[in-house]
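Chains as they are written, first to last, in our numbering: chain V, 820 to 1181; chain Z, 820 to 1181; chain E, 820 to 1181; chain U, 820 to 1181.
There are 4 protein chains.
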Amino acid sequence: MSSTFGHKLKISVFGQSHSPAIGVTIDGLPAGRLLDLEQIQRFMARRAPGKAPYSTARKEADLPEILSGLTADGYTCGAPLCALIRNTDARSKDYSQLQDLPRPSHADFTAFVKYGRYHDIRGGGHFSGRLTAPLCFAGAAAMQFLNAQGIFVGAHIAAVGGIQDSPFDSVRLTQEQLLTPGSKEFPVVDEAAGQAMKERIEEARRNQDSLGGVVECGAAGVPAGLGEPMFDGLENRLAAALFGIPAVRGVEFGAGFAAAAMQGSQHNDPFAIGEEGKIVSLTNNHGGILGGISSGMPILLRCAFKPTPSLSRPQQTVSLSQMENRSLTVEGRHDPCVVPRAVPCVEAVVALVLLDFIVQSV
Amino acid sequence: MSSTFGHKLKISVFGQSHSPAIGVTIDGLPAGRLLDLEQIQRFMARRAPGKAPYSTARKEADLPEILSGLTADGYTCGAPLCALIRNTDARSKDYSQLQDLPRPSHADFTAFVKYGRYHDIRGGGHFSGRLTAPLCFAGAAAMQFLNAQGIFVGAHIAAVGGIQDSPFDSVRLTQEQLLTPGSKEFPVVDEAAGQAMKERIEEARRNQDSLGGVVECGAAGVPAGLGEPMFDGLENRLAAALFGIPAVRGVEFGAGFAAAAMQGSQHNDPFAIGEEGKIVSLTNNHGGILGGISSGMPILLRCAFKPTPSLSRPQQTVSLSQMENRSLTVEGRHDPCVVPRAVPCVEAVVALVLLDFIVQSV
Amino acid sequence: MSSTFGHKLKISVFGQSHSPAIGVTIDGLPAGRLLDLEQIQRFMARRAPGKAPYSTARKEADLPEILSGLTADGYTCGAPLCALIRNTDARSKDYSQLQDLPRPSHADFTAFVKYGRYHDIRGGGHFSGRLTAPLCFAGAAAMQFLNAQGIFVGAHIAAVGGIQDSPFDSVRLTQEQLLTPGSKEFPVVDEAAGQAMKERIEEARRNQDSLGGVVECGAAGVPAGLGEPMFDGLENRLAAALFGIPAVRGVEFGAGFAAAAMQGSQHNDPFAIGEEGKIVSLTNNHGGILGGISSGMPILLRCAFKPTPSLSRPQQTVSLSQMENRSLTVEGRHDPCVVPRAVPCVEAVVALVLLDFIVQSV
Amino acid sequence: MSSTFGHKLKISVFGQSHSPAIGVTIDGLPAGRLLDLEQIQRFMARRAPGKAPYSTARKEADLPEILSGLTADGYTCGAPLCALIRNTDARSKDYSQLQDLPRPSHADFTAFVKYGRYHDIRGGGHFSGRLTAPLCFAGAAAMQFLNAQGIFVGAHIAAVGGIQDSPFDSVRLTQEQLLTPGSKEFPVVDEAAGQAMKERIEEARRNQDSLGGVVECGAAGVPAGLGEPMFDGLENRLAAALFGIPAVRGVEFGAGFAAAAMQGSQHNDPFAIGEEGKIVSLTNNHGGILGGISSGMPILLRCAFKPTPSLSRPQQTVSLSQMENRSLTVEGRHDPCVVPRAVPCVEAVVALVLLDFIVQSV
């Protein structure tokens, strides 16, 4: 049951990096929406590999085929929507030595503990970042339902290799601000920061090294009152799903870890009657969530991504069959930094979780 | 369904700060363990208020009564274990004005949006930190099952008000190191840091202000192979449950957000054959979890807590009935810093989630 | 997780027959309803033992204490509602021999397999019919939410010992017809049939024997459109919960097993425009459910109950410690027929499942 | 979330009768089993249409394509197994009038209530019996895991049109007895009864009518101790899943509804030390389940199926657009009796639920 999340909107992801196909089933989409498939593909293209020097050379058309869930004329019909993506550019020979020599800081070792020699090691199997392609499909579909309700989700690279992007405006977060980074070839707010990040990534590649980073994601237009107290609030479900994206090591909301170093008098967000006569907060350290429940202010969160573990420089590992220390040099195609491609993945997960809450409460 | 978590081990928390009682039902505990009730009470005492200048003056005996789940001679019998704690020192008059004037950065406002005037505002109702008392009961019970399998969970204050404690040893984390902070009146590794933190908290109290902080939690002895890939791994479930503790704003595993600024060559943890002939990693930036699955190395995570929002200095808020701006000065008893009392809460949640995985896989 | 059901409305039952208390937590009740506690007690009295010659002599006041979930003035507040009932008339000595000699057709044996000697055998432990008391509490609370929406649930003894009661009118099922049997001391539609059933039960008691029976339950006013296709329809969830009542051996909807012997031309229910201009069916063999989804017609189902397994005549069993055949004569107080007291239990479960669907779709 | 069931073994069915494909994702299969695909296909062939005069003329090759979940050499790898079946012989024009004229006793009407004009009416959409094809795929895969543990599941037509087959031997139920009916072209125990049933079905077809029936299913080799008390026992989960098969109207275990007319002294199953020194019961009215938990005796259950609602004779219905009474004659291909093809569907569901319990407890 590892690959399923959601309550009324249920997402079930399947596939391995080199299986015949990968895909997703979305159960619980409301009937009656004409899906814009081109928009879905544009969204998925943001995650697709092979675009730039900072991503893997693997090329996948990633054209999803929708198997079910639509009427003959393309509207959601209430039945589960299943989409599959064929794996066409899989070079399985690259991975043979990894069966015995687990990559440091990769799931190779724990998958071996769990599944023994039956783990499908090719391309990382079910643990591959490639599984985020169907996740992006599902997220892009969810986005269309959210947009129709005036809810918009967007993200950008907040940091890579120590270089910071400008943050989103936590109080006045507009649809335009949310969607602009995603419309760029490199999803940042501040172009200069983006240029510096790209150079840092290229430098890491030259050094046979890799970089981590942070993605900031926001959602505007989320109505107040979504979420439940204690264990079923927005943070609980968002965090649980976000940690499903490979390489995420931390999730924080609003001021997050910085809040831990603040005083209450700094951190507290004063309430006020806003311009439209609605209750707003004048600052938004709470990231749009109080007690697990949306406050009506923009939702803001950040995810930390670790550096790609697959390096083409020698690393120390062990031989599982010989139980002795070994050196490993990973062959194959790997992103020196997954963060640019992770941006739409974070958006997708956030959109899916928000839609799950919305279909549950409507 | 807000107050329930767990899969095979199901935790269901009930109660409001000023309802007749609060409590917890634990469904799925294995039969046959003689529960050490004194140990449970010692654990709960670590969370109890009224101990020190840095905590609320509210006094609760917090003696749990076990209603079900044990045999006549005190062994778990396989049926749900329910424990309740009476609310005896509830001063409901303190909270009357909050019905109309929501505290900044508190759940008062979102609870009003969700439940209208029927939200039980007294003491924060179901959103109160007091609900962590039954959580600690459940966690302490879970701990006894874990200890019997050689698994130990402990936490300490990693930071308060900008002062850092020494971290746990991420590679050689012993039972003694884990349990020592919890045995102290102020749960830190480094006494000097603890002394400085206490002074900072006392200073905040004098300034009618509050402080946030960070709790680091570790688990030693967790066998490799617990957890599932993608959405049902250790991080997913741990994070989901940890965000159920009031005031948690961020959760990170291993190197966490620091990993985002590292290079792969720094962050990767080399594998090696350890002293006992088992596979270990020489560093532990992965915090004992790879691909959602335990690696056999110590599990390490940190939670960020925001500063207590209830301040006895004037703050700006709104009148819900008049829809106009107002000033609010919160009366009543509130911790200037919840972090010391949050330490056992984090341990409790981690213990419950780990036991849930263990009963599921045994 | 055995003792929990429901999706958005989550019911968690705890307690053993002879533990200090039994009880229930209901998570997900909408805020804002003034609970009528007297109505709840009247409902629970219908299940209570000791009323008549055909029920066990055990006497329980069964006065529930509400621990949480209400505001100071008795309205539901949105937080989990927990109610407990103290066990006061427990005679544990009656059950000592059963630890070694499992009663035929009782859970004693399977509980031993599962929990070993730690099963709380006293009074049947968690498997006792006594656990239906908190279930009735929860059902009675749910009923008040349903009634406010014009939905009424009622049941009667459809058969005992081969004697049939008149069935409910499947097409024109009124609130009055639903609630009348429950207002009687013996819940039947046809008094003469009831008299004959009572005599048959008394006869069984004299013969140190027991009887099974059938309960028919109906619900009127259920809006069309509740339920989901395939595995999450009304039948799926109703059946799953109804089998949680001890002694239920079969569940059928509408024409049920009789449908298996019918022809389509007999069984099909013609649609027509009804008197109020709404679509109705002229017959109701479908029991108000088509494809798992409510049709707007009355919902009708039947549950088969097996005869009470505890007999005070000698029966053949085995000694678990000696692994040899033995004769067992069960001491203690047992209903010769649980069906009269099962009637409100069936109503309670049906009410809870219907309310779960309703809070999920509103 | 309608189309998903299971706890640790999660089954997610997708597709509509006339969508590009139907299929199933099975999450939670243990790694390391070489799947016998021919055996799966033989099992699926038992459900496939077009074999005989008593089934629909629609022809589907129903060759499943496995998209994921296997290693390169055909072993389960621990990742979700997804299989799809293309819809190739879909004649969508047959169904156009049903958009406005719902078939009596069919889900057309309730699907309209739920999804409006966006319900995919073609072939019954997601409510079609065709969705049992992927269910049979999943069940056949599950069967191989069960068989490897000495557990066998089999079913037969217990009754059609009032004609009864011989029942399974409830006490000595062998693998051979279980599997024999499924190896026949018409799955009965008693050939003569089967011949009479076939004639009755052919007679119904000639009369433009249809028949219901009963399927009995058994499982041998199930270890004692599977299942949980109250709401998570074998009956709860089996019934919930079995009602997911279209046309099921009742589910009973062991003596079932017949138990309701029995006396305790007849119904109780005496325990004894069996030939192999194990505890057995001398009769099996309890159907292998006591208190929700398997007793080690054969598991026995029966499902009632209603007659096919689609008749080619005129029936009364309404026009949804005109809200007036109308006559409807259903065109297209429909089984006069679904029961023969339902036999493997019942086996599949029982196998999946049993395997779910087993992977959860191992």
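The beta-carbon is built from N, C-alpha and C at its ideal position, and this holds for glycine as well.
Residues near residue i by beta carbon distance below 6 Å, same chain, minus five either side
i: glycine 1069 of chain E; result: Ala1123
i: glutamine 1085 of chain U; result: none
i: serine 831 of chain V; result: Thr823, Thr844
i: glutamate 1095 of chain E; result: none
i: glycine 1110 of chain U; result: Pro1048
Whole-Å CB distance - residue i paired with residue j, under 8 Å assumed
i: isoleucine 1108 of chain E; j: glutamate 1054 of chain E; result: 6 Å
i: phenylalanine 833 of chain V; j: cysteine 896 of chain U; result: The pair is not a contact, with the Cβ atoms about 12 Å apart (cut-off 8 Å).
i: proline 1006 of chain V; j: valine 1162 of chain V; result: 5 Å
i: proline 1128 of chain V; j: serine 924 of chain V; result: 4 Å
i: alanine 898 of chain Z; j: aspartate 939 of chain E; result: 6 Å
i: glycine 1083 of chain V; j: proline 883 of chain Z; result: Contact flag wrong, Cβ pair sits at about 31 Å.
i: leucine 817 of chain E; j: leucine 965 of chain E; result: The shown model of chain E, from 820 to 1181, leaves out residue 817 of chain E, and the question about it has no answer.
Cross-strand partners of residue i (DSSP beta bridge)
i: phenylalanine 823 of chain E; result: Per the sequence presented here, residue 823 of chain E reads as threonine, with phenylalanine not at that position. Answer is E:Ser831.
i: glutamate 1143 of chain E; result: E:Ser1138
i: cysteine 896 of chain Z; result: DSSP lists no partner for cysteine 896 of chain Z.
i: glutamine 858 of chain V; result: According to DSSP, glutamine 858 of chain V bridges with nothing at all.
i: arginine 905 of chain E; result: E:Ala840
i: glutamate 1035 of chain E; result: E:His975, E:Arg1121
i: aspartate 846 of chain U; result: U:Lys829
i: valine 1070 of chain Z; result: V:Val1070, Z:Cys1122
i: alanine 959 of chain E; result: The partner list for alanine 959 of chain E (beta bridge, DSSP) is empty, contrary to what the question assumes.
i: alanine 1091 of chain Z; result: Z:Val1099
i: serine 1002 of chain Z; result: BP columns for serine 1002 of chain Z are empty, so no partner.
Near the ligand MG: residue i beta-carbon under 7 Å from a heavy atom
i: glycine 958 of chain U; result: With respect to small molecules bound, the structure shown includes none, and the ligand MG cannot be examined in it.
Nonlocal neighbours in the same chain, by C-beta distance under 7 Å from residue i, ignoring five residues either side
i: serine 1138 of chain E; result: Asp919, Leu920, Arg1145
i: leucine 1130 of chain Z; result: Gln1027, Asp1028, Ser1029, Val1149
i: lysine 827 of chain V; result: Gly847, Asp1175, Val1178, Gln1179
i: glycine 948 of chain V; result: Pro1065, Val1157
i: methionine 1081 of chain E; result: Ala1074
i: leucine 998 of chain Z; result: Phe971, Gly973
i: leucine 917 of chain Z; result: Asp927, Ile940
Own chain residues within Cβ distance below 8 Å of residue i, not counting five before or after
i: proline 1089 of chain E; result: Ser1100, Leu1101, Thr1102
i: valine 1158 of chain U; result: Ile976, Val979, Leu1030, Gly1031, Gly1032, Val1033, Val1034, Phe1124
Status (buried if at least 16 other CB within 10 Å, exposed otherwise) for residue i
i: alanine 1059 of chain V; result: buried
i: glutamate 1071 of chain E; result: buried
i: threonine 929 of chain Z; result: buried
i: arginine 865 of chain E; result: buried
i: proline 1133 of chain U; result: exposed
i: methionine 1116 of chain E; result: buried
i: arginine 941 of chain V; result: buried
i: glycine 969 of chain Z; result: exposed
i: methionine 1142 of chain E; result: exposed
i: glycine 943 of chain V; result: buried
i: leucine 853 of chain Z; result: exposed
i: aspartate 1154 of chain E; result: buried
Worksheet item: Contact between the region 947-960 of chain V and the region 1007-1023 of chain V: three or more CB pairs below 8 Å?
Response: Fewer than three Cβ pairs drawn from the region 947-960 of chain V and the region 1007-1023 of chain V lie within less than 8 Å of each other, which leaves the two stretches out of contact.
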